[in-house]
Amino acid sequence: MKSARYKKFLSKQKNEMEKYKWLESEKAGRDLGEVAIIEWVGKYAKNYRKKWVQHDLKIALRELKLIKRKAKTSKKGKKFLRFILDIMEKTEEALELLETNGNGGK
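With the working numbering, the residue at position 103 of the sequence shown is 103, and numbering never jumps.
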């Protein structure tokens with residue numbers, strides 16, 4: 001089952017596709033439909049996914065640095081362990097996104 005973050009990525013990517021389809025259809029004076037979506041995937045999906053993942057990885061790195069600082073002074077090991085595992089899951093999913101073809105599959 002995909003996480004809420006992954007679903008958010010797919011939703012935002014879909015919105016970008018729809019925006020592109022609308023703009024290109026306005027230029028053409030007719031609804032371009034699936035043709036515009038396929039064009040967006042060919043032109044922009046890979047870069048969009050990379051930017052999304054880069055953002056996620058930067059956040060994960062900041063969180064890990066914070067954990068490192070707090071771990072030195074905190075005795076709440078279980079809480080930190082859960083936090084670290086959550087970050088690891090985010091990082092794994094981010095890397096999976098880089099490996100997908102942009103539509104949720106490989």
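All residues carry an ideal CB built from backbone N, CA and C; glycine is no exception.
It should be emphasised that the depicted structure is a prediction, and the values quoted were computed from it without experimental measurement.
- Here Ala36 really is in contact with Tyr20; their C-beta atoms are around 6 Å apart, less than 8 Å.
- Straight through space, the alpha carbons of Trp52 and Leu66 are spaced by roughly 22 Å.
- When the five nearest sequence neighbours on each side are left out, the beta carbons in the same chain lying within less than 6 Å of the beta carbon of Asp31 are those of Ser25, in order along the chain.
- A distance below 9 Å separates the beta carbons of Arg49 and Gln13.
- For Tyr20, the enclosing alpha helix (DSSP H) covers residues 4-28.
- For the pair Glu92 and Leu10, the Cα-to-Cα distance works out to about 16 Å.
- The beta carbons of Asp56 and Lys90 sit about 6 Å from each other, so the pair counts as a contact at 8 Å.
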